[in-house]
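Structure record follows, encoded as structure tokens.
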Amino acid sequence: MTLQEMINASLLAGGHDEVAGFIRQETQRQNSAIELIASENFPSDAVKAAAASDFVAKYTEGYPQQRESGNRGRYYGGCENADALEEYCCRKWKQVFSTDYHVNVQPHSGSSANLAAFLSVLKPGDTVLSMSLENGGHLTHGSPVNFSGRLFDFHFYGVDDTGRISYEALDELLYSCKPKLVLAGASAYSREIDFRRIGELIDRYAAAGGERPWFMVDMAHIAGLVAAGVHQSPFGVADIITTTTHKTLRGTRGGLIFCKPELARKVDSAVFPGSQGGPLQHIIAAKAVTADEDCTEQYRDYIRRVVANTKAMCDEFIRMGYDVVTGGTDNHLFLVDFSRTHPDLTGKAVQNMLDEEGITLNKNCVPNEKRSPVEASGVRIGCAAMTTKGYDEEDFRAVARRIDSLIRGYCASL
Ligand code: DSN
Numbered sequence: 256m257t258l259q260e261m262i263n264a265s266l267l268a269g270g271h272d273e274v275a276g277f278i279r280q281e282t283q284r285q286n287s288a289i290e291l292i293a294s295e296n297f298p299s300d301a302v303k304a305a306a307a308s309d310f311v312a313k314y315t316e317g318y319p320q321q322r323e324s325g326n327r328g329r330y331y332g333g334c335e336n337a338d339a340l341e342e343y344c345c346r347k348w349k350q351v352f353s354t355d356y357h358v359n360v361q362p363h364s365g366s367s368a369n370l371a372a373f374l375s376v377l378k379p380g381d382t383v384l385s386m387s388l389e390n391g392g393h394l395t396h397g398s399p400v401n402f403s404g405r406l407f408d409f410h411f412y413g414v415d416d417t418g419r420i421s422y423e424a425l426d427e428l429l430y431s432c433k434p435k436l437v438l439a440g441a442s443a444y445s446r447e448i449d450f451r452r453i454g455e456l457i458d459r460y461a462a463a464g465g466e467r468p469w470f471m472v473d474m475a476h477i478a479g480l481v482a483a484g485v486h487q488s489p490f491g492v493a494d495i496i497t498t499t500t501h502k503t504l505r506g507t508r509g510g511l512i513f514c515k516p517e518l519a520r521k522v523d524s525a526v527f528p529g530s531q532g533g534p535l536q537h538i539i540a541a542k543a544v545t546a547d548e549d550c551t552e553q554y555r556d557y558i559r560r561v562v563a564n565t566k567a568m569c570d571e572f573i574r575m576g577y578d579v580v581t582g583g584t585d586n587h588l589f590l591v592d593f594s595r596t597h598p599d600l601t602g603k604a605v606q607n608m609l610d611e612e613g614i615t616l617n618k619n620c621v622p623n624e625k626r627s628p629v630e631a632s633g634v635r636i637g638c639a640a641m642t643t644k645g646y647d648e649e650d651f652r653a654v655a656r657r658i659d660s661l662i663r664g665y666c667a668s669l
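Each residue of the sequence shown is one higher than the one before, starting from 256 at the first, in the numbering used here.
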């Protein structure tokens, strides 16, 4: 019996026919769709099994007894197994990134990780410099409709006319905004981010008399590439590093925070009791399994295939005459910009049209976007999920050609 069949049988035995039906339909959708959302992936049955374990029942506010930050001790009895699990999980994540940074595995999500990271070193109203959402940043990096933009004074750098991060603009903003924290990381950026260069700009600013800002990296999208050594690592450069565990790391939905050892106490306190109560120990179990998997050569090989597949699909779009932002990709995603080649086509229309054909992706703003984010002039395409399903470079080229044919048909029908 497969894991999904066991889940289905348990739900039916409990009389939860409707919920079982929703889950069966989602399984069928995931099995039949071509999944190109760059932030999604398919975790293993082992990850999903751990997430469904008896740890789901355990309250464990606090931290394991052996905690290097000094924030130790739980507020409930019966935590000896949770302690052992959480200590194991922390050790394994340090191994994934070959780092001696402190790690907190309790954040429920990327948003929770970022909130705690901000609270660990910032006060409300402090100035932060980050990449704008319109240019490929994250919602929790200062959007005015998000807690981040409401709590802190965000200023933004972005991309230049070629679609690449403008490190020059970032440098100028350091001097004009005098931020307390510089944040790097993106959700829709296809090129390697030069963390060392940002660190050097901060060093030069501090040497010129500026108060040294904290350097934080949200590596949620590219964490798997960092783990596999195919993207520049922020470890050793950034003070605080956050990530989700469900994108290229291919685990359960969740968050992690890494920090330099001297920030360990502040970060732990900002997670609990600062911004969260009881951790999700069943999800920590699933994160531990994810870390087990991500330490392997098999996983590193998977990531290398993700990068090769993404390049192959991206090159096929370029060969067919599409504009790809920055003219290519270094990672697991790329952006197709329709504004010159198909001026009447919106990202939203392409997303909806492809949805009906069983191809799942998301609309995305492009540099110098003229439309609202709800319409957008481009789409974001990621290859991590379908590489997990076994697609190779030729499969991805074939999907690119199918998308092109569907777009041609759609445009002809307008
Ligand atoms: N919402 C996630 C994404 O799709 O990239 C993280 O920002």
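Every residue, glycine too, gets a C-beta built ideally from N, C-alpha and C.
Here DSSP, grouped into helix, strand and coil, assigns N359 to strand. C344 sits in a helix when the DSSP states are folded into three classes. Residues lining the ligand DSN by the Cβ criterion, that is a Cβ closer than 5 angstroms to any of its heavy atoms, are S294, H393, S442 in chain order.
Around M474, the same chain offers G440, V481, P489, I496, T498 as residues with beta carbons nearer than 7 angstroms, after the five sequence neighbours per side are excluded. The C-beta of Q536 has 16 or more other C-beta atoms within 10 Å across all chains shown, which makes the residue buried. Taking a cut-off of 8 angstroms for Cβ pairs, the region 397 to 415 and the region 367 to 383 touch, as three or more such pairs fall below it.
When DSSP states are grouped into helix, strand and coil, R635 belongs to the strand group.
If you keep only unbroken beta strand (DSSP E) runs of at least 3 residues inside the region 370 to 411, you get 382 to 386.
Fewer than three beta-carbon pairs drawn from the region 450 to 458 and the region 544 to 557 are found closer than 8 angstroms, and the two stretches are therefore not classed as touching. Note on geometry: alpha-carbon atoms of E427 and T417 lie some 19 angstroms from one another. In the three-state reduction of the DSSP assignment, Y318 falls in the strand class, which pools E and B.
The beta carbons of V437 and F470 sit closer together than 8 angstroms.
A Cβ-Cβ distance of about 15 angstroms is found for the pair G510 and H357, leaving them out of contact under the 8 angstroms criterion.
Contact between V634 and L616 holds: their C-beta atoms lie close to 5 angstroms from each other, under 8 angstroms. Rounded to the nearest whole angstrom, the CA to CA distance from E611 to R446 is 30 angstroms. With contacts defined as CB atoms closer than 8 angstroms, F572 and A655 qualify as a contacting pair.
Contact check for A639 and N296: beta-carbon distance about 5 angstroms, within the 8 angstroms limit, so the pair qualifies.
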